[in-house]
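*Asks:*
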Amino acid sequence: MVSAIAFSSAVTLLAFAPHASAHGFLNDPEASFKEGVSKTGWVINIDNFWDIGSGGDQVGKFKTMAKEKGMSVKDVLLEMANGKKCGNTRTDVDPKPIPSDGKVKFLGNGGTGFGHQGPCEVYLDDKMVFQRDNCEDEVPGGPPGSNEPSEMSVDFSSCKGKCTVALYWLAFQNEQWQAYINCVPVSGNGESTTQTEGSKTETSSKSEDQQKKADDKKMEGDDQEKKQEERSSIDVGFSNLTENAGTVMPATNLQP
């Protein structure tokens, strides 16, 4: 017969089981953590930091309130964590190389990516380079156990030499607001990384604009050349007319 204590313990374990698979960390570039700290854990967990209720469209409610307050996800998390800008991660370590594919990756300890509803932001030093309102849905990882992380395409071109990659993720677990903050020093030339889809689109648009301007300029030049030819033709005709007008025609004998 199962005792009440054993049953209660089992219920407690079940209640916390989903939380474990939802935690995670930056694994590319990989974050370094302070001694004795779980690398997959949140920095702080606060119930209803803002009064948006439990469950329902917490993502939408947060987005509305954040806009009204003029706050970013980073602002909210730093307020929750009392200014711990890098959470429990270390920045006094050797820098990691900038990812060659231009992607920052978050791995959940269940072998997937982001495991809770909620927004995230990525910064290079103080410059925001990535933002999504609901990272679990918008940048999902693979299925549990696949070890396929959530991948965030980042433009590293502003990083020349050394800079710090920082991830801020606010995870909603009903009334619980969980703050995840990871910082990683990186080094290298960010311009040499693979272009993100966004930068490809921007570059493509610029190329198309430049080509259009070149075509317009050529067309304008062709029009000017055509007009010049018309002017020359008119000048030649006028010159011939003038010469003919100045020529005295010989008198003709009108008599039979």
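With mature numbering (1 follows the signal peptide of the UniProt record, and there is no 0) applied, the sequence shown covers -22 to -1, 1 to 234.
Here a beta-carbon is modelled for each residue, glycine too, at the ideal position from N, C-alpha and C.
Remember, it's a predicted structure, so these values are computed and weren't measured experimentally.
(1) Skipping 5 residues on each side, what residues in its chain have a beta carbon closer than 8 Å to that of K12?
(2) Look at the Cβ atom of V91, then the Cβ atom of S128, and state whether they are nearer than 7 Å.
(3) Between D72 and V107, is the Cβ-Cβ spacing less than 7 Å?
(4) Since A144 sits in a beta bridge, which residues does DSSP pair it with?
(5) Please classify N160 as buried or exposed, where buried requires at least 16 other C-beta atoms within 10 Å of its C-beta.
(6) Once you ignore the five residues that flank S165 on each side, which residues in its own chain have a CB closer than 6 Å to its CB?
(7) Considering only the beta carbon of each residue, do S136 and L85 sit closer than 7 Å?
(8) Hey, could you find the ends of the alpha helix (DSSP H) V117 is sitting in?
(9) Quick one: is N167 buried, meaning 16 or more other Cβ sit within 10 Å of its Cβ, or exposed?
(10) How big is the Cα-Cα spacing for C113 and V54?
(11) Return the residue from the list E126, N5, L56 that minimises the CA-CA distance to I24.
(12) Give the range of the alpha helix (DSSP H) segment to which D53 is assigned.
(13) Buried or exposed: S131, going by 16 or more other Cβ atoms within 10 Å of its Cβ?
(14) Taking only three categories from DSSP, how would you classify V82?
(15) Can you list, in chain order, the residues of its chain with a C-beta nearer than 7 Å to that of S182? Leave out the 5 residues immediately preceding and following it.
(16) Along the alpha helix (DSSP H) that carries F134, what are the first and last residues, could you check?
(17) With DSSP as the reference, label A9 as helix, strand or coil.
(18) What are the residues that DSSP puts in a beta bridge with G2?
(19) Closer than 6 Å by C-beta to P163: which residues in its own chain qualify, once you throw out the five before and the five after it? Chain order, please.
(20) If you reduce the DSSP assignment to three classes, tell me which class V37 lands in.
(21) Starting from residue 272, follow the beta strand (DSSP E) in both directions and report where the run begins and ends.
(22) Using a 10 Å radius around the Cβ and a threshold of 16 neighbouring Cβ atoms, would you call E99 buried or exposed?
(23) Only counting the same chain, and skipping five residues up and downstream in sequence, which positions put a Cβ closer than 6 Å to that of G123?
(24) Are V15 and D111 touching if we call contact CB-CB under 7 Å?
(25) Would K52 be called buried (16 or more neighbouring beta carbons within 10 Å of its own) or exposed?
(26) Quick one: Cα of G96 to Cα of K138, how far?
(27) Going by the beta-carbon positions, is the gap between G2 and N60 smaller than 7 Å?
(28) Using the rule of at least 16 other Cβ atoms within 10 Å of the residue's Cβ for burial, across every protein chain shown, is G34 buried or exposed?
*Replies:* In this structure, then:
(1) N66, T67, R68
(2) Note that residue 91 is Gly in the sequence shown, not Val. A contact, by the Cβ cut-off of 7 Å.
(3) no
(4) Y101, C161
(5) buried
(6) P73, K140
(7) no
(8) Where V117 is concerned, there is no enclosing alpha helix (DSSP H), given that its DSSP letter is neither H nor E.
(9) exposed
(10) 16 Å
(11) L56
(12) 51 to 58
(13) buried
(14) Strand.
(15) Residue confidence for S182 is low, a pLDDT of 41 falling below 50, so the modelled location carries little weight and cannot support an answer.
(16) Careful: F134 lies outside any alpha helix (DSSP H) and carries neither H nor E.
(17) It is coil, neither helix nor strand.
(18) DSSP lists G86 as the beta-bridge partner residues of G2.
(19) T69, P73, T142, listed in sequence order.
(20) DSSP places V37 in helix when its eight states are reduced to three.
(21) Residue 272 lies beyond the range of the chain shown here (-22 to 234); nothing can be said about it.
(22) Buried: at least 16 other Cβ atoms inside 10 Å.
(23) G89
(24) no
(25) buried
(26) 31 Å
(27) Their beta carbons are not under 7 Å apart, which means G2 does not touch N60 by this criterion.
(28) exposed
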